[in-house]
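Take the sequence shown: its letters are residues 1 to 732, numbered as in full-length UniProt numbering.
Yeah, the Cβ is synthetic: ideal placement off N, Cα and C, and Gly gets one too.
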Amino acid sequence: IGKAKFHKSQHWGYCNNVAMLVGEDKPGIGGEPLLGQKLKPKYSVFPEGIGSDAPAWVAFDKQVLSFDAYFEEEVPDKNQELYRIRHCKIYFYLEDDTIQVIEPQVKNSGITQGTIVRRRRIPLPPPQDDQFYTIDHFNINIEVILYARKYKIIDCDQFTKNFLRKMGVRLNPPAGRPDDPYTKHRQKILDSMKPLRPYERIDTLKQFLEHDGHVLRFFCVWDDPESMFRDPRELVLHYYLSDDTIDIKEIIPVNSGRDAVPLFLRRDKLPKYAPTGLYQPGTITKRTVLNVFGKLVGNRDRYILDNRKTGAVHQEFYRDSDLKIGAVINVWGRKIILCDCDEFTKEYYRTKYGIEDFTPVLHKAPQPPKLEKTLPPYTGFGSEEDSLCSCMGLVPKPPSKDFKKFMEKDRSGMESHILRFLAKLVTDSPIDKDRKFIISYFLSDDTISIFERTQRNTGIRGGKFLERGRIKKPGQELFKSEPSEYFKAQNLFVGARICFHGHNFLLVDADEYTFNYMEKHANEFSVADIGVILKKLKDIAEPRSQEIRQVFAAADPEHTKVIEYDPFRNLIVSITDGAFSEHEIMTLGRYYSVRDEYEMDLHFLLEVAQEQLKKNNFENFEQLSAVLIYNDREKCGVLPHEMCRTICKSFKLPLADDDLQALLTMFEDDRKQVEYKKFVDGLNWRKNQISAFQTVKVPLKNEDGWSRQPPSLPVKRIKYLLLLDDLFGKEE
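This is the structure:
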């Protein structure tokens, strides 16, 4: 029968008169310890503190106790040393009671150093090897045994001291740090050694670190005496502050006939020219060697280093203090004049040497005035731009177009970038007086086209009146060298009189897109800039402010604070004495108009919109509604006007921009927010088709209307009190 071997922490016990094997640390009923039993803690026990009862791996995360220690290691195979003292660091991790031992690296020690014990829980030495080291086993000036190796703890850091004091540990005084006798002996030998060849040590690292990348640049001239035409040669000198070296590059003019070389002088220290001439190769060396015995002892030579430098030849090199504007330096026999320098070089000399005069040296004759290129007059064949390109080179090239402007101002979605004006002829002919024209200005290429409206029983056939193209301003000479001036977008506005190829037109109206575009780009169109118009009106009307207030009050006898557009227009014309154009008056009226009333019926607009959507087979109403709901972050059922307009454009709704703007405005609430659910339901021709075609409530401003464009919404009533307050301030 073999002998039974039991763990020392186990013993025989009895339960209901039955013998069984139990552990010493098994508690009694309810977890209470038995009589005479002492429970051994598995981990460090920390006192309870004030605050949350967080676990140790949370409360002590990244908190480590650091101890300074050493251990002795025997060296049996060497006569020079019997033992070694090896210093190390013991780290105790509070989160899980793990221990790590690391030995710092020592240069030229010949010992494998680094991690001695990897991080883990370490058991106590026998006979307590069933337990692990906890925080209670550590203090200063004590010995701990880790895996049969004895470590002497001599000190710890300040955090460890504070933590142990808070734990109630009374710290021992720190122990002395012993030195390794063999290491001390080796250091003594190294200190007593003297090198056999005392070479000089010239440390240039500091200069390199301070001035790396700092380069002084001078513009120089070399008057080559051997040149056939004695023309000066322009050079650029670079002085590198990191190592006091110089390189020179030559600026070779175009068509000079000289070969292009990378460098005029390779980067190196530039020696100053000695009075005795240049030194022969080998004359200047870094070190001087002396022959001690010569040929006296068996034809054997013995040399030593000349520490006194008795035969050394000292050569001076150019430094930054030798370089300044106007100085002449000798570059291997070539006289070079420093004429100018860059801003960094000026700041360097201003800071280091206090030089303030940096007047450049004039080395070149002033250039002759550049002759202006005279162009021949226009011949009349082809366009002016095409004829001009044939004068620019031997190979004629077609005139280049402004492609960037074309891409920015070309039609994009609902943005047509076309300004349309209604015009009539300025003539005394009773037949031509009633003719109506639509002038379209294309912003992408500054071209103009004119169409005439067809009117019944006039005897005049409508249609294309003028082919699309650029139109020259009248009164210019035909055959001239200067390019002709063409009509621009700024020349077209309501009330303007223009002459196209001998036909005089008066612009009487514009569509809603034109008004909106000119007002959005008010910096390009002064007649649509409300700030410029108000300033101009204020300069005219400010001396008669009281009289003007009375005139406007007389036009509103019922004190409704609004007046009709026609009386408003007549008052502005009388006040400005005709200084304002019709477009400026309309801009004022649009800015101060009553915006809660519209000329067109909602049902009429919805009928027109549904008809357009049906013709273009647009049925993505559910997706449009989903995108609008997604952008409504607050889920309040309303969105800003511009956001709804942008979303509708992304779905490419087949509606004109002014139609879309008018529809969105119809569905705005009191806070100018669009009720998008009602808006989508109104457009949905599948579910909410409008059968009755409603008519316009009031007649439009222009009965002739537009060709394929909705008529502009006329301004009906003006809030004149706001205008007077902006001009003269609020009346007390």
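Worksheet item: From the beta carbon of Gln128, is the nearest beta carbon of chain D less than 8 Å away?
Response: No chain D appears in the structure shown, which is made up of a single protein chain.
Worksheet item: What does Val292 pair with, by DSSP beta-bridge criteria?
Response: Answer is none; Val292 lacks a bridge partner.
Worksheet item: Along the chain, where does the beta strand (DSSP E) that runs through His87 open and close?
Response: Tyr83 to Tyr93
Worksheet item: What is the DSSP secondary structure of Gln222, reduced to helix, strand or coil?
Response: Here the sequence assigns Trp to residue 222, which means Gln is not the residue at that position. Strand.
Worksheet entry | Three-state secondary structure assigned by DSSP to Cys644 | helix
Worksheet item: In whole angstroms, what is the alpha-carbon distance linking Ile154 and Ile202?
Response: 43 Å
Worksheet item: In three-state terms, what does DSSP make of Lys730?
Response: coil
Practice prompt. Say yes only if the C-beta of Ile248 is nearer than 7 Å to one or more non-hydrogen atoms of the ligand SAH, and no if none qualify.
Written response: In terms of ligand content, the structure shown is empty, and the ligand SAH therefore cannot be addressed.
Discussion item. Please state the DSSP three-state secondary structure of Asp340.
Written reply: strand
Worksheet item: Which value, in whole angstroms, describes the spacing of the CA atoms of Lys472 and Lys405?
Response: 20 Å
Item to complete: Kindly identify the DSSP beta-bridge partner or partners of Phe451.
Response: Ile438 and Lys464
Worksheet entry | Inter-residue Cα distance where the pair is Glu607 and Lys614 | 10 Å
Practice prompt. Give the range of the alpha helix (DSSP H) segment to which Glu408 is assigned.
Written response: Phe403 to Lys409
Worksheet item: How should Val715 be labelled, buried or exposed, when 16 other C-beta atoms within 10 angstroms of its C-beta is the threshold for buried?
Response: buried
Worksheet item: Since Thr587 is in the beta strand (DSSP E), which residue starts that stretch and which ends it?
Response: Per DSSP, Thr587 belongs to no beta strand (DSSP E); it is in the alpha helix (DSSP H), Glu582 to Tyr591.
Worksheet entry | Rounded C-alpha distance that separates Asp577 from Pro376 | 47 Å
Worksheet item: CA-CA distance, Ile111 and Val45?
Response: 38 Å
Fill in: Proximity of Asn108 and Ile142 at Cβ, strictly below 8 Å
no
Worksheet item: Where does Val594 sit, in a helix, a strand or coil, going by DSSP?
Response: coil
Practice prompt. Return helix, strand or coil for Asp681, following the three-state DSSP convention.
Written response: helix
Item to complete: Below 6 Å CB to CB, which residues in the same chain sit around Ala522 once its five sequence neighbours on both sides are set aside?
Response: Ala528 and Asp529
Practice prompt. Could you tell me which uninterrupted beta strand (DSSP E) segments, each at least 3 residues in length, are contained entirely in the segment 459–526, listed from first to last along the chain?
Written response: 463–469, 497–500 and 503–510
Discussion item. Can you tell me where the alpha helix (DSSP H) holding Ile575 begins and where it ends?
Written reply: Tyr565 to Thr576
Fill in: Cβ separation of Ile448 and Ile439, assumed to be a contact under 8 Å, to the nearest whole Å
7 Å
Worksheet item: When the Cα atoms are used, what is the spatial distance from Asn291 to Ile304?
Response: 7 Å
Discussion item. Measuring only the C-alpha atoms, how far is His363 from Leu216?
Written reply: 20 Å
Worksheet item: Can you give the Cα-Cα distance for Lys161 and Gly168, rounded to whole angstroms?
Response: 11 Å
Item to complete: My understanding is that Phe679 touches Leu660, with C-beta atoms under 8 Å, so please give their C-beta distance in whole angstroms.
Response: With 8 Å as the limit, Phe679 and Leu660 do not qualify as a contact, their Cβ atoms being about 10 Å apart.
Worksheet item: From which residue to which residue does the beta strand (DSSP E) around Asn330 run?
Response: Val328 to Val331
Worksheet item: To the nearest whole angstrom, what separates the beta carbons of Tyr239 and Ile246, a pair I think is in contact under 8 Å?
Response: 5 Å
Discussion item. Can you tell me whether Leu602 is helix, strand or coil according to DSSP?
Written reply: helix
Discussion item. So, under 8 Å CB-CB, Ala541 and Ile575 are touching, yes? Tell me the CB distance rounded to an integer number of Å.
Written reply: 5 Å
Practice prompt. Taking Leu624 as the reference, give the member of Asp681, Arg633 and Lys433 with the closest Cα.
Written response: Asp681
Worksheet item: By the 10 Å Cβ neighbour count, where 16 or more other Cβ atoms means buried, how is Trp685 classified, buried or exposed?
Response: buried
Item to complete: Have a look at Glu210, Val426 and Arg308 and flag the residue whose alpha-carbon is nearest the alpha-carbon of Lys436.
Response: Val426
Practice prompt. Please look up how many angstroms separate the CB atoms of Arg120 and Thr134, rounded, as I've assumed it's under 8 Å.
Written response: Between Thr134 and Arg120 the Cβ distance is about 14 Å, and since that is not below 8 Å, they are no contact.
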